[in-house]
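Participant: Residue numbers (this note's numbering): 34 to 254.
Idealized CB from N, CA, C, for every residue including glycine.
#1: Does the beta-carbon of residue 67 have 16 or more other beta-carbons within 10 angstroms, so that it is buried, or is it exposed?
#2: To the nearest angstrom, how far is it from the Cα of residue 130 to the Cα of residue 252?
#3: Do you know offhand how far residue 239's Cα is from residue 226's?
#4: Around the C-beta of residue 195, are 16 or more other C-beta atoms found within 10 angstroms, so that it is buried, or is it exposed?
#5: Note the first and the last residue of the continuous alpha helix (DSSP H) segment covering residue 141.
#6: Taking Cβ to Cβ, would you say residue 177 is nearer than 8 Å to residue 236?
#7: Taking 7 Å as the line, does the beta carbon of residue 70 fall inside it for any heavy atom of the ligand MG?
#8: Apart from the five residues on each side of it in sequence, which residues of its chain come closer than 8 Å, Cβ to Cβ, to residue 168?
#9: Taking the C-alpha atoms as reference points, what is the distance between residue 75 and residue 202?
#10: Quick one: Cα of residue 212 to Cα of residue 63, how far?
#11: Three or more beta-carbon pairs under 8 Å between the segment 117 to 124 and the segment 140 to 160, yes or no?
#12: I'd like to check one pair, residue 134 with residue 182: are the Cβ atoms closer than 8 Å?
#13: Would you please state the rounded distance, in angstroms, between the beta carbons of residue 108 and residue 77? I believe it to be under 8 Å.
#14: Which parts of the segment 71 to 120 are runs of the alpha helix (DSSP H), unbroken and 4 residues or longer, counting only runs that do not cross its ends?
#15: Is there a C-beta anywhere in chain E that falls below 8 Å from the one on residue 183?
#16: Just how far apart, CA to CA, sit residue 184 and residue 112?
#17: Just the C-alpha distance for residue 127 and residue 249, rounded to the nearest angstrom, thanks.
#18: Quick check on residue 88: buried or exposed, where buried means 16 or more other Cβ atoms within 10 Å of its Cβ?
#19: Can you give me the Cβ contacts of residue 204 inside the same chain, cut-off strictly under 6 Å, excluding the 5 residues immediately before and after it?
#20: Candidates 142, 171, 170 and 166: which alpha carbon is nearest residue 157's?
#21: Could you check whether residue 171 and residue 139 sit closer than 8 Å to each other, using their CB atoms as the reference points?
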C-alpha cells in the first residue's frame with residue numbers, strides 16, 4: 034500500500050502542479066502532512082494513545098482543508114488491507130465522518146476524473162458500508178454516526194432519490210438479502226439511526242418518502 038499511495042500523491046501534485054503552479058515547498062508540505070497523518074493513525078490501536086491520536090488527526094484535518102490534503106486523508110482512511118484492530122477500525126470510520134463535517138460540500142476528491150462531490154460521497158459511504166461486516170456494535174455505531182455526518186454536511190440538500198440510492202438502498206440490500214447476519218445487524222442500526230436523525234431534524238419530506246420503505250422492509254408478511 035505504501036508504494037500505491039506514493040504514486041497517488043505524485044499524481045495529485047503533478048496534476049495540480051501543472052494547473053495551479055505548486056512549488057516544491059508545497060509538495061514537501063504535502064509529504065510532511067502525509068507522514069504526520071499516517072504516524073498518528075498508528076496510535077489508534079492502543080487505548081493509551083487513541084484519544085491523543087484522534088485529537089492529533091482531527092487537528093490535521095481541520096487545519097488542512099484543501100483538495101490535496103483531502104486526497105491524503107481519504108487514501109489513508111479507506112485502505113482495506115491495513116491490519117488494524119477494533120479500536121483503530123472504529124476510529125477510521127469515525128474520522129471519515131469528521132472529514133465530511135470539515136470539508137462539507139467541498140469534499141471533492143481529485144482522484145475522480147472529473148472530480149465531483151457525489152463521486153467522493155459514494156466512495157466514502159462505500160468504505161463505511163464495508164465496515165458493517167465487522168462483528169462489533171461499536172463499529173456499527175461509528176458507521177451510523179459517520180453516514181449521518183456525510184448526509185448532514187455533504188448531501189442535506191440532495192433530492193430524495195439521490196439520498197435513497199446512496200444511503201438507503203445499500204443498507205436495505207444488506208438487510209433483505211440475509212446473507213450476512215453481522216452486516217444485517219449493522220445495517221439495521223444504521224437505518225434506525227438515520228430515521229431518528231431525520232425525525233430529530235424534522236426532515237418531513239424525506240420521512241414521508243422513506244416511511245413506506247421502512248415499513249415494507251421491517252414488516253414480516
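Facilitator: Taking the structure as given:
#1: Around the beta-carbon of residue 67, 16 or more other beta-carbon atoms lie within 10 Å, marking it buried.
#2: Distance between residue 130 and residue 252, taken at the CA atoms: about 31 Å.
#3: The straight-line gap separating the alpha-carbon atoms of residue 239 and residue 226 is approximately 14 Å.
#4: Classification for residue 195: exposed.
#5: Bounds of any alpha helix (DSSP H) do not take in residue 141, whose DSSP letter is neither H nor E.
#6: Taking C-beta atoms as the reference points, residue 177 and residue 236 fail to come closer than 8 Å.
#7: Of the ligands one can find in the structure shown there are none, so the ligand MG has no counterpart to examine.
#8: Counting only Cβ-Cβ distances below 8 Å, and skipping sequence neighbours, we find 215.
#9: About 34 Å.
#10: About 42 Å.
#11: In short, these stretches do not touch, since the Cβ pair count stays below three.
#12: Contact flag set, yes.
#13: So it is not a contact: roughly 16 Å between Cβ atoms.
#14: The alpha helix (DSSP H) runs of length 4 or more contained entirely in the segment 71 to 120 are, from start to end of the chain, 80 to 96 and 100 to 110.
#15: The structure shown has no chain E; it contains just one protein chain.
#16: Computed Cα separation, rounded: 22 Å.
#17: Roughly 30 Å between the two C-alpha positions.
#18: Counting other Cβ atoms within 10 Å of its Cβ, residue 88 stays below 16 and is therefore classed as exposed.
#19: Around residue 204, the same chain offers 220, 223 and 224 as residues with beta carbons nearer than 6 Å, after the five sequence neighbours per side are excluded.
#20: Per the Cα distances, 142.
#21: One thing to note: residue 139 has its Cβ no nearer than 8 Å to the Cβ of residue 171.
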